[in-house]
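S.K.: Residue numbers (the numbering used here), protein chains in the order written: chain A, 7 to 949; chain B, -9 to 66.
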Ligand code: SF4
Ligand code: SF4
Ligand code: SF4
Ligand code: FES
């Protein structure tokens, strides 16, 4: 194995379809119009020396190393900034050019510390390379002149250093931060000889606006910006292409290794979701995989009050299987179930649901998508016929108006956020519907045309009001609707939304959004060109989550914004494989490929291949499982890779449910919060230690590849297989590829998927089958999957979670860039420097009347429970609204969230809880009790 | 909301009925019935069926009508 080297073409590819023919060093080249001479030369394998150019960035033309000669033209133009022209004859290597280049390099080198042998970028430095390329053998100026070698190092960022003396002021980092990331954290400060890169106003990286995405580090040709790991470990010697295991963007990385040690994760330019970019989590926050908290041996105990006992896999598996059998014998077949993980691979998820349906003989399987995007599955499948987003991420490059509802892409889906911001800087218009002023509403060079700061819980009213304007002002795309949708249903819908009570003026009373802003936004979306909707959990996690998804789907149909590039309805999905876990039959009513369990033909296909009869009744959904556990009809559960105690709402109810189980099997990297109630612990393995696939928010199926042996001995799918065998339901896979072959054989939308295809194509978007052998980037082209698009009525029903004198404020929840969900991974990395605790954002007015100052400890009470955390005064939230994140178990924000949920899917209403906030001096009783429980429950008996 | 399960099931059934209430009555009843049949586990359906048999207190008309026409689930 060796390092995967990607060619740097020097400048980005041109999108022109017109071809231009020229001659470079005697070779004829044909390239698209607008291509730089540098890139054209690279196309035929001639690498022109360069320092300030790289193909992730627009050409800049500052280093003067890439000069060429063009017959019939004067001078020596820079090849990075000079576009090709028909018929020109270019020379990249002449005596004159050699001399100029040597001179340029001499100047750079004379001002450069010559500690190459001990430099962290030794062997990975473009300056070093170029010195060799131009044949520099001597520096006439000597090294004694004025130079920068004494400038210090900024080591404030936990993952990379900034060694000023090595900077050649090529500007690549500054441009990467602007063009690729869109943060504008860097500038060149000082002039001439004194100029240097500087974060913000000469701040340190950590205290600047920098979000640690790594784009500048990636683009820096020298060791000036360099990963600390390169300094500590050394340069990598081989690399493997794999996929990030954090969020639903699904960035492709090269895992660069030295032996079986991971040196760094480098974003892969060929990655179709990220196109060479990354965020701080995927790029740097992988340290959890080797964290000392990882549990590597199986453990069992007969009561949660006892300490854990380490045992062999065999013993743990036998114990779990015998317990499940005993429970089923005593309480019936449907008294056990399990939860698949959106963090695990498609193959693993498929296997867990197979074990439950085939081995347990019931359909009590669910997944954490229940608590995030289950309304998406429901809403998009009833209206369009597919439980997934309609576009690929590239589609954003052709959007003219972007409508973001209840999503915070720059924090939640950072790489998509960067791609979105790039499009907005090119002139696309932005509408944001969100109670909170998220970063994307106003950030450098971006200003939303409309921000509709609605009261939490009024999404349906706002989206229906947008539809009201579109219908009553004659902005419907009638041709599209007539052709593509059920006309009668449309008319019924149009009459419904046109009712005066749905007008922006009428709903303003309870949404709090000025009517003219709603009208303006509706007009812009309907008439501004390609209109694309992106939404997140701010849409789904409500008692009317599914209704809002339907309302969104209606809006896109009415305006004809479906079925081509630049438009569509796009759920920004949370976890790396939440799309995949849903596709793989993790829902209690559906077999893989979204086919209802009561469908005899589908069941028969599975029964034939699995060799077992299947229950035709839907199973319990996660919240129903807790209810049934408390009630005593649900007694055993197998949970793979989810921390339901921390992530699910109404913690007290969840813990009561878990405590009532007779056998809880938890498979995870760490003793997570759920494991406090477990009887069997099966160690999990990280994404670096196994093979498989993840499916991202674009329906893109991508490989994850094993770069080291599982530290716990087995990949997760192998452990599931052992458990299944012990239950008497045989599984004999020797590689996840075989599991994918079975998935393909049973699931029409995956029929064409196999590891060979994925290796060849890099990734593929489902449906991938005979009709679409190379996958489907854009859905519903020419017709909806269900036939005619279905308009549905969306009546606004206020949530029953209401504010009143006892609980006058509305709490809404979200997350931040550097932490991930319950934080089990990111809390175990240096990302904690950006977010050491959850805080409560509160408006100055609400704080003042309660006597709360910035930074005070406060108590947060709701009908469900109370917790305490620190308050931060913020104008991002409106008066009457407070906001927090849920990344830390000490805070347990979900102690206060209630068990109200979406009417269709039981997706919890995380986004609206009536609360009161008051000054406090310490943890609540619940926090103290829970802390005690955690301490005792995590004990492991000495051997 | 109460965790008492019958009360909770009544609440859920009403929520579903309300979501479909804007449609014509027949369609709303049918949609509610289909939804419950498709998504509720048998023990939940048995429990609410029992509640309906005992008068179905608290159920809104659409939900009640939907549930009255719902077949009892088979045993496992
Ligand atoms: S790490 Fe990213 S955000 Fe920070 S300065 Fe570099 S490019 Fe900008
Ligand atoms: S820090 Fe690196 S990328 Fe930035 S200007 Fe200096 S040498 Fe160029
Ligand atoms: S955007 Fe998401 S997938 Fe990409 S690196 Fe960040 S966490 Fe990973
Ligand atoms: S690479 Fe062309 S001027 Fe620097």
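Just so you know, even glycine gets a beta-carbon here, dropped at the ideal spot from N, CA and C.
#1: Go through its chain and collect everything with a Cβ distance to residue 849 of chain A's Cβ below 6 Å, but skip five positions before and after it.
#2: Between which residues of its own chain and residue 51 of chain B is the CB-CB distance below 6 Å, once the five residues before and five after are set aside?
#3: Counting only beta-carbon separations shorter than 9 Å, does residue 627 of chain A have a partner in chain B?
#4: If you measure from each residue's Cβ to the nearest non-hydrogen atom of ligand 3, which ones come out under 5 Å, in chain order?
#5: Distance check for residue 28 of chain A and residue 92 of chain A, CA to CA, integer angstroms please.
#6: When you compare the CB positions of residue 362 of chain A and residue 338 of chain A, do they come within less than 9 Å of one another, or not?
#7: Please confirm whether residue 323 of chain A and residue 732 of chain A have their CB atoms less than 9 Å apart.
#8: If I measure Cβ to Cβ from residue 755 of chain A and keep anything under 8 Å in the same chain, skipping five residues before and after, which residues do I get?
#9: Closer than 8 Å: is that where the CB of residue 123 of chain A sits relative to any heavy atom of ligand 2?
#10: Taking 8 Å as the cut-off, does the CB of residue 168 of chain A come closer than this to any heavy atom belonging to ligand 2?
#11: Have a look at the DSSP bridge pairing and note the partners of residue 768 of chain A.
#12: Where residue 675 of chain A and residue 354 of chain A are concerned, what is the direct C-alpha to C-alpha distance, given to the nearest angstrom?
#13: Are the Cβ atoms of residue 630 of chain A and residue 34 of chain B separated by less than 9 Å?
#14: Considering only DSSP beta bridges, list what residue 816 of chain A is partnered with.
#15: Which residues in the same chain as residue 810 of chain A place their Cβ atom closer than 8 Å to its Cβ, once the five residues preceding and following it in sequence are excluded?
#16: Would you verify that the beta carbon of residue 803 of chain A is, or is not, closer than 9 Å to some beta carbon of chain B?
#17: So which residues on chain A does residue 71 of chain B lean against when the C-beta distance must stay under 7 Å?
#18: Mind checking whether the beta-carbon of residue 85 of chain A lies closer than 8 Å to any heavy atom of ligand 4?
#19: May I have a chain-ordered list of the alpha helix (DSSP H) segments no shorter than 4 residues that lie completely inside the region 13 to 54 of chain A?
#20: Judging by CA-CA distance, which residue of A:218, A:906, A:835 and A:863 is the nearest neighbour of residue 870 of chain A?
#21: Flag residue 633 of chain A as yes if its beta-carbon sits less than 9 Å from any beta-carbon of chain B, otherwise no.
#22: How should residue 13 of chain A be labelled, buried or exposed, when 16 other C-beta atoms within 10 angstroms of its C-beta is the threshold for buried?
#23: Return the Cβ separation of residue 847 of chain A and residue 880 of chain A in integer angstroms, given the expectation that the two are a contact with Cβ distance under 8 Å.
#24: At a cut-off of 8 Å, would you count residue 578 of chain A as near ligand 1, judging by its Cβ distance to the nearest heavy atom?
#25: To the nearest angstrom, how far is the alpha carbon of residue 37 of chain A from that of residue 24 of chain A?
#26: Using a Cβ-Cβ cutoff of 7 Å, what residues of the region -3 to 13 of chain B are near chain A? List them in chain order.
#27: Using a threshold of 8 Å, is the CB atom of residue 816 of chain A nearer than that to any non-hydrogen atom of ligand 6?
#28: Closest Cβ-Cβ distance between residue 550 of chain A and chain B: below 9 Å?
#29: Determine the extent of the beta strand (DSSP E) in which residue 249 of chain A is found, giving its start and end residues.
#30: So if I threshold CB-CB distances at 7 Å, which residues from the region 63 to 80 of chain A count as touching chain B?
#31: List the DSSP bridge partners of residue 700 of chain A.
#32: Pick helix, strand or coil for residue 131 of chain A, following the three-state DSSP scheme.
#33: May I have the straight-line CA-CA distance separating residue 350 of chain A from residue 526 of chain A, to the nearest angstrom?
#34: To the nearest angstrom, how far is the alpha carbon of residue 922 of chain A from that of residue 182 of chain A?
#35: Which class does residue 173 of chain A belong to by DSSP, given the choice of helix, strand or coil?
#36: Is residue 474 of chain A close to chain B, meaning its C-beta is less than 9 Å from at least one C-beta of that chain?
M.R.: The relevant details are as follows:
#1: 883 and 885
#2: none
#3: yes
#4: A:250, A:252, A:253, A:255, A:257, A:284, A:285, A:287, A:288, A:420 and A:421
#5: 6 Å
#6: no
#7: yes
#8: 589, 599, 772, 773, 774 and 775
#9: no
#10: yes
#11: Bridge partners of residue 768 of chain A: none, in fact.
#12: 15 Å
#13: yes
#14: A:887 and A:920
#15: 920
#16: yes
#17: The structure shown has nothing for residue 71 of chain B, since chain B only spans -9 to 66.
#18: yes
#19: 43 to 49
#20: A:906
#21: yes
#22: exposed
#23: 4 Å
#24: no
#25: 8 Å
#26: -2, 5, 6, 8, 9, 11, 12 and 13
#27: For ligand 6, the structure offers nothing, since it holds only ligand 1, ligand 2, ligand 3 and ligand 4.
#28: yes
#29: 244 to 249
#30: none
#31: A:708
#32: coil
#33: 43 Å
#34: 44 Å
#35: coil
#36: no
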